[in-house]
Amino acid sequence: MSRPKTTMAGPVHLTAPAGEPNPSAGCGECLGIAVTRTNARSVGDYSKVSDANVALRTHLREEHGAE
Ligand SMILES: [Zn+2]
806 MSRPKTTMAG
816 PVHLTAPAGE
826 PNPSAGCGEC
836 LGIAVTRTNA
846 RSVGDYSKVS
856 DANVALRTHL
866 REEHGAE
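Here is the structure:
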């Protein structure tokens with residue numbers, strides 16, 4: 806039996822291309838790191854973007870139990 810597939814818009818991720826960690830909703834520390842990353846990208850400071858990704862991944866792993 807097949808049900809008609811409804812197309813719903815998924816969540817919109819404004820900042821992170823594939824491969825970058827996403828901040829956890831409602832966590833101020835995640836948000837702070839994500840803002841730093843967005844700001845760094847907006848000024849073309851990609852080494853700082855990379856640093857922010859490392860910091861966010863570490864934080865996600867240590868504080869949120871992510872991979
Ligand atoms: Zn967090």
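Every position in the sequence shown, counted from 1, becomes a number in the working numbering once 805 is added. C-beta: ideal position from N, C-alpha, C; glycine also.
Q: In the DSSP assignment, find the unbroken alpha helix (DSSP H) run with T812 in it and report its ends.
A: Here T812 belongs to no alpha helix (DSSP H), and DSSP marks it neither H nor E.
Q | Contacts around S847, its chain only, beta-carbon distance under 7 Å, and the 5 residues preceding and following it disregarded | A | Within the same chain, and ignoring the five residues on either side of S847 in sequence, no residue has its Cβ closer than 7 Å to its Cβ.
Q.
For A821, which residues in the same chain have their Cβ closer than 6 Å to its Cβ, ignoring the five residues on either side in sequence?
A. Only weak support exists for where A821 lies, its pLDDT of 49 falling under 50; the value from the coordinates is given anyway. If we look at A821 and ignore the five residues flanking it on each side, its Cβ neighbours are N827.
Q) V848 lies in the alpha helix (DSSP H); which residues open and close that run? A) It is not in any alpha helix (DSSP H) - V848 carries neither H nor E in the DSSP assignment.
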